[in-house]
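A.B. asks:
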Amino acid sequence: MANHSQFGFQDASSPIMEELVEFHDHALMVALAICSLVLYLLALMLMEKLSSNTVDAQEVELIWTILPAIVLIMLALPSLQILYMMDEIDEPDLTLKAIGHQWYWTYEYTDFKDLTFDSYMLPTADLPLGHFRLLEVDHRIVIPMESPIRVIVTADDVLHSWAVPSLGVKTDAIPGRLNQTSFITTRPGIFYGQCSEICGANHSFMPIVVESAPLTHFESWSSLLSS
Amino acid sequence: QSFKLLGFLDVQSVPCARESVLYGSLGSLVVGLGHFLATSRVRRSCDFAVGGFISTMLGYWFYCRYNLAQQRIRQRMLKEGMKNRILFEGSYLDPEKNQTGNERSDS
Chain A
1 MANHSQFGFQ
11 DASSPIMEEL
21 VEFHDHALMV
31 ALAICSLVLY
41 LLALMLMEKL
51 SSNTVDAQEV
61 ELIWTILPAI
71 VLIMLALPSL
81 QILYMMDEID
91 EPDLTLKAIG
101 HQWYWTYEYT
111 DFKDLTFDSY
121 MLPTADLPLG
131 HFRLLEVDHR
141 IVIPMESPIR
151 VIVTADDVLH
161 SWAVPSLGVK
171 TDAIPGRLNQ
181 TSFITTRPGI
191 FYGQCSEICG
201 ANHSFMPIVV
211 ESAPLTHFES
221 WSSLLSS
Chain B
1001 QSFKLLGFLD
1011 VQSVPCARES
1021 VLYGSLGSLV
1031 VGLGHFLATS
1041 RVRRSCDFAV
1051 GGFISTMLGY
1061 WFYCRYNLAQ
1071 QRIRQRMLKE
1081 GMKNRILFEG
1091 SYLDPEKNQT
1101 GNERSDS
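In structure tokens form, the structure reads like this:
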């Protein structure tokens, strides 16, 4: 989860998020280069006398056509690589359905048994000591770690969005439509997210909690819940 | 505490950023000073210094990130290999056991 006043990304917990963080660092470095150049040019213009003698500037026009093209290529190539990586279908081991309601989520594990439960935010008054305010839920989603998971997201009433920043996942939940996303968790842990599409009064109070555990733990949890 | 260059690039936590900026500064100094010593033209030397900064910084950045990506791939292969070794050691899927078996049959 994010710390207070955190500005940057959360630690990546999936390979896609690791790639996104690396791309973001690359984009910032390109931005630094561009900002340095622009700052220098601004300083130069401030010291230059105004003149209307220039009629022809072929060389500088060539430079300021080619240079932006190079910058765009430097940004577009890794960006497209990640975009296509995100769309890869990886034979998921588990399919999970997430249905958004006002103001809670319903999760369905229907691959092997019919397992359905609602996930409501824990009110602050009922929060155990040491737990996170406005982020904890009564029933977490448990998934096996290091396994490709497919999530099918939809909504029952208004627009919602199923987002978990540390997994690099954000998918809109649209009534009457099924949106698909997939991810793999690289390590066990608990990953927090929040609804990311304005959906009414309690939009900020319908969090998502994904618990990634070894397969044996996941199997015991699903047996427990279905019995 | 993090130091953010121009307010947005955290040079301490981004891998390769600190070295890129430092090498860029060194490159800028070398190119700018070298041009000035050769031509005694201040304004043009400043242009070369800025160009040298950007090209050295980006050049080292690409080189460093490429090496980092290769290192990450090697780390992942090593991690997978270690996990598989622990899983299959002593079993019929253990490649070392199969090799030893072949050596015995050859001798």
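First to last, the protein sequences are chains A and B. Its first residue numbered 1, the first sequence is counted upward by one per residue in the working numbering. Its first residue numbered 1001, the second sequence is counted upward by one per residue in the working numbering. In this text, a Cβ means the ideal position worked out from N, Cα and C, and glycines have one as well. For clarity, every value in this text was computed on a predicted model and none was experimentally measured.
Considering residue 119 of chain A, what are the terminal residues of the alpha helix (DSSP H) in which it resides?
C.D. replies: The sequence position of residue 119 of chain A within the first sequence is 119, counting from 1. No alpha helix (DSSP H) holds residue 119 of chain A; the beta strand (DSSP E) holding it covers 115-119.
A.B. asks: Indicate whether at least one CB of chain A lies closer than 8 Å to the CB of residue 1073 of chain B.
C.D. replies: Numbered from its first residue, the second sequence carries residue 1073 of chain B at position 73. No, no contact with chain A.
A.B. asks: Just the C-alpha distance for residue 228 of chain A and residue 120 of chain A, rounded to the nearest angstrom, thanks.
C.D. replies: Any property of residue 228 of chain A remains undetermined from this structure, which presents chain A solely from 1 to 227.
A.B. asks: DSSP on residue 211 of chain A, reduced to helix/strand/coil?
C.D. replies: Here residue 211 of chain A is taken as the residue at index 211 of the first sequence, counted from 1. Residue 211 of chain A falls in the strand class under three-state DSSP.
A.B. asks: Residues in the region 1031-1061 of chain B with C-beta within 7 Å of chain A's C-beta atoms, listed in sequence order?
C.D. replies: Of all residues in the region 1031-1061 of chain B, only 1050, 1053, 1054, 1057, 1058, 1061 come within less than 7 Å of chain A when Cβ atoms are compared, listed by chain position.
A.B. asks: Do residue 1034 of chain B and residue 1056 of chain B have their C-beta atoms within less than 8 Å of each other?
C.D. replies: On the second sequence, position 34 is the one that residue 1034 of chain B refers to. On the second sequence, position 56 is the one that residue 1056 of chain B refers to. No, these two residues do not count as a Cβ contact at 8 Å.
A.B. asks: Any C-beta of chain A sitting closer than 8 Å to the C-beta of residue 1078 of chain B?
C.D. replies: Sequence index remark: in the second sequence, residue 1078 of chain B carries index 78 (1-based). Chain A, which has no Cβ nearer than 8 Å to the Cβ of residue 1078 of chain B, makes this no.
A.B. asks: In three-state DSSP terms, what is residue 100 of chain A?
C.D. replies: Start at 1 with the first residue of the first sequence, and residue 100 of chain A comes out as number 100. Reduced to three states, the DSSP call for residue 100 of chain A is strand.
A.B. asks: Please state whether the Cβ-Cβ distance between residue 1060 of chain B and residue 1020 of chain B is less than 8 Å.
C.D. replies: Here residue 1060 of chain B refers to the residue found at position 60 of the second sequence. Here residue 1020 of chain B refers to the residue found at position 20 of the second sequence. Less than 8 Å separates the beta-carbon of residue 1060 of chain B from that of residue 1020 of chain B.
A.B. asks: Using only the alpha-carbon positions, how far apart do residue 211 of chain A and residue 47 of chain A sit?
C.D. replies: Within the first sequence, numbered from 1, the residue matching residue 211 of chain A stands at position 211. Within the first sequence, numbered from 1, the residue matching residue 47 of chain A stands at position 47. In a straight line, the C-alpha of residue 211 of chain A is about 59 Å away from that of residue 47 of chain A.
A.B. asks: On a Cα-Cα basis, can you pick out the residue from A/158, A/164, A/42 that is closest to residue 135 of chain A?
C.D. replies: Locating residue 135 of chain A in the first sequence gives position 135, where the first residue counts as 1. Comparing Cα positions, the closest option is A/164.
A.B. asks: Would you mind reading off the limits of the beta strand (DSSP E) that contains residue 183 of chain A?
C.D. replies: Locating residue 183 of chain A in the first sequence gives position 183, counting from the first residue. Unbroken beta strand (DSSP E) run through residue 183 of chain A: 179-183.
A.B. asks: For residue 173 of chain A, which of helix, strand or coil comes out of DSSP?
C.D. replies: Taking the first residue of the first sequence as position 1, residue 173 of chain A is located at position 173. Residue 173 of chain A: strand per DSSP, three-state reduction.
A.B. asks: In terms of residue numbering, what span does the alpha helix (DSSP H) encompassing residue 187 of chain A cover?
C.D. replies: In the first sequence, counting from the first residue as 1, residue 187 of chain A sits at position 187. Run containing residue 187 of chain A: none; DSSP gives neither H nor E here.
A.B. asks: Helix, strand or coil: which one does DSSP assign to residue 1014 of chain B?
C.D. replies: Position 14 of the second sequence holds residue 1014 of chain B. Three-state result, residue 1014 of chain B: coil.
A.B. asks: Just verifying my parser: in three-state terms, what is the DSSP assignment at residue 82 of chain A?
C.D. replies: The residue given as residue 82 of chain A occupies position 82 in the first sequence. It is helical.
A.B. asks: Taking DSSP as the reference, what is the three-state secondary structure of residue 59 of chain A?
C.D. replies: If you number the first sequence from 1, residue 59 of chain A lands on position 59. Three-state result, residue 59 of chain A: helix.
A.B. asks: Classify residue 25 of chain A: buried if its beta carbon has 16 or more other beta carbons within 10 angstroms, exposed otherwise.
C.D. replies: Here residue 25 of chain A corresponds to residue number 25 of the first sequence, with the count starting at 1. By the Cβ neighbour-count rule, residue 25 of chain A is buried, with 16 or more other Cβ atoms within 10 Å of its own.
A.B. asks: Assuming residue 1134 of chain B and residue 1090 of chain B form a contact by the criterion Cβ under 8 Å, report the distance between their Cβ atoms to the nearest whole angstrom.
C.D. replies: Residue 1134 of chain B falls outside the range modelled here, since chain B spans only 1001 to 1107, and no answer is possible.
A.B. asks: Using a threshold of 8 Å, state whether the C-beta atoms of residue 226 of chain A and residue 113 of chain A are closer than that.
C.D. replies: For the purposes of this step, residue 226 of chain A is identified with residue 226 of the first sequence, where counting begins at 1. For the purposes of this step, residue 113 of chain A is identified with residue 113 of the first sequence, where counting begins at 1. Cβ atoms of residue 226 of chain A and residue 113 of chain A: closer than 8 Å.
A.B. asks: Within the same chain, show all residues whose beta-carbon is closer than 6 Å to that of residue 9 of chain A, passing over the 5 residues directly before and after it, in chain order.
C.D. replies: Locating residue 9 of chain A in the first sequence gives position 9, counting from the first residue. Correct list, in chain order: 21.
A.B. asks: In terms of residue numbering, what span does the beta strand (DSSP E) encompassing residue 137 of chain A cover?
C.D. replies: Translated into the one-based positions of the first sequence, residue 137 of chain A becomes position 137. Per DSSP, residue 137 of chain A belongs to no beta strand (DSSP E) and is neither H nor E.
A.B. asks: Round the Cβ separation of residue 200 of chain A and residue 153 of chain A to the nearest angstrom and send it over; I've been treating them as touching at under 8 Å.
C.D. replies: Residue 200 of chain A sits at position 200 when you count from the first residue of the first sequence. Residue 153 of chain A sits at position 153 when you count from the first residue of the first sequence. Not really, about 18 Å apart at Cβ, beyond 8 Å.
A.B. asks: Under a CB-based cut-off of 8 Å, is residue 1008 of chain B close to chain A?
C.D. replies: Working through the second sequence from its first residue, we reach residue 1008 of chain B at position 8. Judged by the 8 Å Cβ criterion, residue 1008 of chain B is in contact with chain A.
A.B. asks: Listing by chain order, which chain B residues have their CB less than 9 Å from the CB of residue 109 of chain A?
C.D. replies: Position 109 of the first sequence, counting from 1, holds the residue named residue 109 of chain A. None at all; the shortest Cβ gap to chain B is about 27 Å.
A.B. asks: Counting only beta-carbon atoms, is residue 1005 of chain B nearer than 8 Å to chain A?
C.D. replies: Here residue 1005 of chain B refers to the residue found at position 5 when the second sequence is read from its first residue. Residue 1005 of chain B counts as touching chain A.
A.B. asks: Let me know if residue 1045 of chain B comes out buried or exposed under the rule of 16 or more other beta-carbons within 10 Å of its beta-carbon.
C.D. replies: The sequence position of residue 1045 of chain B within the second sequence is 45, counting from 1. Buried is the call here.
A.B. asks: Buried or exposed: residue 1095 of chain B, going by 16 or more other Cβ atoms within 10 Å of its Cβ?
C.D. replies: As a working note, residue 1095 of chain B is residue 95 in the second sequence. It is exposed - the Cβ of residue 1095 of chain B has fewer than 16 other Cβ atoms within 10 Å.
A.B. asks: Quick check on DSSP: helix, strand or coil for residue 10 of chain A?
C.D. replies: In the first sequence, the residue the question calls residue 10 of chain A occupies position 10. Correct three-state label for residue 10 of chain A: coil.
A.B. asks: Tell me the rounded alpha-carbon separation between residue 93 of chain A and residue 2 of chain A.
C.D. replies: The sequence position of residue 93 of chain A within the first sequence is 93, counting from 1. The sequence position of residue 2 of chain A within the first sequence is 2, counting from 1. Each residue's alpha carbon lies about 29 Å from the other.
A.B. asks: So, is residue 1065 of chain B buried or exposed, given that buried needs 16 or more other C-beta atoms within 10 angstroms?
C.D. replies: Your numbering for residue 1065 of chain B matches position 65 in the second sequence. Burial of residue 1065 of chain B is indicated by the presence of at least 16 other C-beta atoms within 10 angstroms of its C-beta.
A.B. asks: Does the Cβ of residue 4 of chain A have 16 or more other Cβ atoms within 10 Å, making it buried, or fewer, making it exposed?
C.D. replies: The residue given as residue 4 of chain A occupies position 4 in the first sequence. It is exposed - the Cβ of residue 4 of chain A has fewer than 16 other Cβ atoms within 10 Å.
A.B. asks: In three-state terms, what does DSSP make of residue 1092 of chain B?
C.D. replies: Translated into the one-based positions of the second sequence, residue 1092 of chain B becomes position 92. Coil, per DSSP.
A.B. asks: Using a Cβ-Cβ distance under 8 Å, would residue 1020 of chain B count as near chain A?
C.D. replies: Counted from its first residue, the second sequence places residue 1020 of chain B at position 20. Yes, residue 1020 of chain B counts as interfacial toward chain A.
A.B. asks: So, for residue 1015 of chain B: in the same chain, excluding its five sequence neighbours on each side, which residues have a beta-carbon less than 7 Å away from its beta-carbon?
C.D. replies: Residue numbering aside, residue 1015 of chain B sits at position 15 when the second sequence is read from its first letter. If we look at residue 1015 of chain B and ignore the five residues flanking it on each side, its Cβ neighbours are 1068.
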